[in-house]
Structures are given as structure tokens and as C-alpha cells.
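Residue 101 in the UniProt record's numbering sits at position 101 of the sequence shown; the count goes up by one each step and never skips. Only one structure is covered here, and it is reproduced in the block below.
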Amino acid sequence: MNMRIPILKLKDILIVSLQWELDDQTAIQFQEDLLEKLHDTSARGVVIDLTPIDFIDSFIAKVLGDVISMSGLMGARVVITGIQPAVAITLIELGIRLENVMTALDLENGMDKLQHELEA
């Protein structure tokens, strides 16, 4: 069964909280849904909360990296929150670069950082 990841909008920010380990199909669907929502709403920022995720495989890591790059191409700043140690290790080992991405410990800090960035 393919679950869709909810994408919430708060002012000009899209908020995504990944609540379970993603399978490949859900990851691709999430990528399409997020880019479509960015296009439809002209949101200027995206917060992706990974707090509950303690493991990602190479495919999901690549999709996440692609989502971040594509969001940037569409003019949105991205904040990743709640990265667990094993996820950070996987991203680095796979060469997924998060150069233009802000990070924060939790969703609240991520929202504050992004709001501050968008006001600058």
C-alpha cells in the first residue's frame, strides 16, 4: 500500500514531517508531490523534518538530495530538521551534499531559522 506524505502550508513555508521509513515508491511520490505543491503555492521555503527516521538507504538518500536540489531550483530555501546520527553518516558516505541547506535540531528551530532567512 502506497502512503502519501502530508505536506502542510504555513504562510509561505511548506512543512513535511516524515513519520515512517520510506519505501522507494513513496519517496518518488513525495518528490513529485512536493515539487507540485511548491509550484502551485509559490512557497519560498520548505522544512523537512526527519526526526522519527533513524535509517535511510542509498535510494532514499539520493531522492532526498534530489528533492533539496530541485526545491532550490524552484526558488525555495530548504531546512532539514532532526537528522539522526545514522542518517547523517549515510548522507555523507553516499556523497549527498547539503551545501545550500540549513539544518536545525528540531522543527521549531527549523521554522525560526527559515523565517529569519526569508525575512533577510
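C-beta: ideal position from N, C-alpha, C; glycine also.
Reducing DSSP to helix, strand and coil, say where residue i ends up.
i: M3; result: coil
i: S71; result: helix
i: K113; result: helix
Let's test the definition: count the other Cβ atoms within 10 Å of the Cβ of residue i and tell me whether it reaches 16, buried, or not, exposed.
i: D54; result: exposed
i: D95; result: For clarity, residue 95 is Gly in the given sequence; the question names Asp instead. Exposed: under 16 other Cβ atoms inside 10 Å.
i: G75; result: exposed
i: S58; result: exposed
i: A27; result: buried
i: A120; result: exposed
i: S42; result: exposed
i: L73; result: exposed
i: L18; result: buried
For residue i, which option in the options has the closest C-alpha, if you only look at C-alpha atoms?
i: D40; options: L8, V63, E117 and G65; result: L8
i: E21; options: D12, Q84 and L14; result: Q84
i: E46; options: Q19, A86, R4 and S69; result: Residue identity differs from the one stated: residue 46 is Val in this sequence, not Glu. Closest option to V46, Cα to Cα, is S69.
i: Q115; options: I13, I56 and P6; result: I13
i: Q25; options: I15, L18, K11 and R4; result: R4
i: L107; options: I15, L38 and S71; result: I15
i: L98; options: L38, K37 and V67; result: V67
i: P52; options: R44, S71 and A86; result: A86
Touching or not, the region 93–110 and the region 69–80, by the rule of three or more beta carbon pairs under 8 angstroms? When Cβ pairs closer than 8 angstroms are counted between the two stretches, the region 93–110 is seen to touch the region 69–80, the count reaching three or more.
Report yes or no: do three or more beta-carbon pairs, one from the region 85–96 and one from the region 28–42, lie closer than 8 angstroms? no
Secondary structure, alpha helix (DSSP H): runs of 4+ residues fully inside the UniProt domain "STAS" (3–114): 24–41, 58–73 and 85–93
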